[in-house]
Amino acid sequence: MSLQPLRHVTVMRYVLPLREGGSLPALADGDDGFKYVVKFRGAGHGVKMLISELLGGLIAKELGLRVPELVFIHLDEDFGRTEADEEIQDLLKFSKGLNLGLHYLSSALTYEPKMVVEAGEASRIVWLDCYITNIDRTFKNTNMLWWKQQLWLIDHGASFYFHHSWQNIPKAARSVFPYVKDHVLLPYATELHKADAFAHSVLSREVLAAIVEQIPSDWLLWEDVESSPEQLRAIYLEFLVERLENSHLFLKQASDARV
1 MSLQPLRHVT VMRYVLPLRE GGSLPALADG DDGFKYVVKF RGAGHGVKML
51 ISELLGGLIA KELGLRVPEL VFIHLDEDFG RTEADEEIQD LLKFSKGLNL
101 GLHYLSSALT YEPKMVVEAG EASRIVWLDC YITNIDRTFK NTNMLWWKQQ
151 LWLIDHGASF YFHHSWQNIP KAARSVFPYV KDHVLLPYAT ELHKADAFAH
201 SVLSREVLAA IVEQIPSDWL LWEDVESSPE QLRAIYLEFL VERLENSHLF
251 LKQASDARV
């Protein structure tokens, strides 16, 4: 299977920083006339955060969940040299090259826990976050938007935390997900077993391979490992396949957490 490749956009203007994000994302104008929330490779956990954002967003879409369009964002070397804020200037300096952007949902509202979500959708979102080990969809930080009467998922950068240690990956793939107890949608997730069956019906190895193939080689040149981009993609794929095959482990924990 081949997924539709992400579009490439060049940033034309830095509009403003979105300081509510820990990694200092920004609103920027693209050369296609649209605005994007840009996630920078020079921030926080660098390209690994971008990989988490990319994989998490693409898997969410395969599960029928709404995610703003993901695009690859190009940042020229000279971009940001006139920026007055030194912190932002440094961020832009270390982010030249390929970054990631999400289409800006103008006038969207931040999801509030009091907003009721349909059981099937809530269950698929909880399943997704258990699967990709996303620790950041809590009452404190929901990372969801309400736009045009629909729920949209944003910010999957805190997922796949195994890749920060890159050790005993098979064990990480078979691990449970204790953070599910803090998931903001857990009270509405009454159809977790249906969500699990649906995920198994759509996330074939072929689909997961096509998703992993979208990771740019430029993001897989890590100083702390000797593996090639191809070898690293293969490891991500095996993690996803192994975790899917053992989804009953985190599914049981999620179900137990609802009691």
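Using UniProt numbering, read the sequence shown as starting at 1 and increasing by one per residue.
We put the beta carbon where it would ideally sit given N, CA and C, even for glycine.
- Going by beta carbons, residue 128 and residue 100 fall outside the 8 Å limit.
- Between residue 113 and residue 142 a beta carbon distance of about 7 Å is seen, short of the 8 Å cut, so the two are scored as contacting.
- Residue range 247-257 is occupied by the alpha helix (DSSP H) that includes residue 256.
- DSSP places residue 131 within a helical segment (H, G or I) once states are collapsed to three.
- A residue is called buried when at least 16 other Cβ atoms come within 10 angstroms of its Cβ; residue 139 does not meet this threshold and is exposed.
- DSSP places residue 222 in the coil class of the three-state scheme, outside both helix and strand.
- Secondary structure of residue 88 (DSSP, three-state): helix.
- Distance from the Cα of residue 235 is smallest, within the candidate group 189, 162, 182, for 162.
- Nearest to residue 90 by alpha-carbon distance, out of 41, 126, 51, 125, is 41.
- In this structure, residue 190 sits near residue 123, with a CB-CB distance shorter than 8 Å.
- Judged by DSSP secondary structure, residue 103 falls within the beta strand (DSSP E) whose first and last residues are 97-103.
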